[in-house]
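For the working numbering, add 175 to where a residue sits in the sequence shown, where the first one is 1.
Data block below; observations after.
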Amino acid sequence: QKKPTILLELPMPSFLRVLFVLTAVTPASAFAPSGQFARALATSSLGAEKINTKVDLESDKVVTMDEIEAGKKKVYCRCWLSGTFPLCDGTHAKHNKETGDNVGPLIVKGA
């Protein structure tokens, strides 16, 4: 079965460090900037402020490829704070409470 490539065709800035290869089509709005990522976009020139402060820091870039089986779902971190990155561990809830932010995970279901 051929995998959809719709996410790979979306325009993405070069500093976006996470790539998901999915077996299901996900709305582009799921990748809307939020949390630390949105703040970095709004308050810094490209790369002037680090978003990722703890995941695979020795790498030039963090890239994650994943496949999702039909009928299964995975919950991905979008705040870069998860101890189980790239999967969400709920750390964003504490962050949101402390900062007033509204960041949440990306939930993907396999078709």
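Don't be surprised by glycine CBs; every beta carbon is placed ideally from N, CA and C.
Just so you know, these numbers come straight off a predicted model, no measurement behind them.
- With the rule of 3 Cβ pairs closer than 8 Å, the segment 253-261 counts as touching the segment 226-245.
- In this chain, the alpha helix (DSSP H) harbouring K269 covers 266-274.
- By the Cβ-count criterion, V283 is buried, with 16 or more other Cβ atoms from all chains shown falling within 10 Å of its own Cβ.
- Residue burial is scored here from C-beta neighbours: K249 has at least 16 other C-beta atoms within 10 angstroms and is therefore classed as buried.
- Counting along the chain, V283 sits inside the beta strand (DSSP E) bounded by residues 281-284.
- Remark: C-beta atoms of H270 and L256 approach each other more closely than 8 Å.
- In the displayed model, L232 falls within coil according to three-state DSSP, outside both helix and strand.
- For K248, the enclosing beta strand (DSSP E) covers residues 248-251.
- One alpha carbon belongs to A286, the other to D241, and they sit about 14 Å apart.
- Under DSSP, the beta-bridge partners assigned to L262 are Y251.
- If you check the CB distance, G279 and H267 come in under 8 Å.
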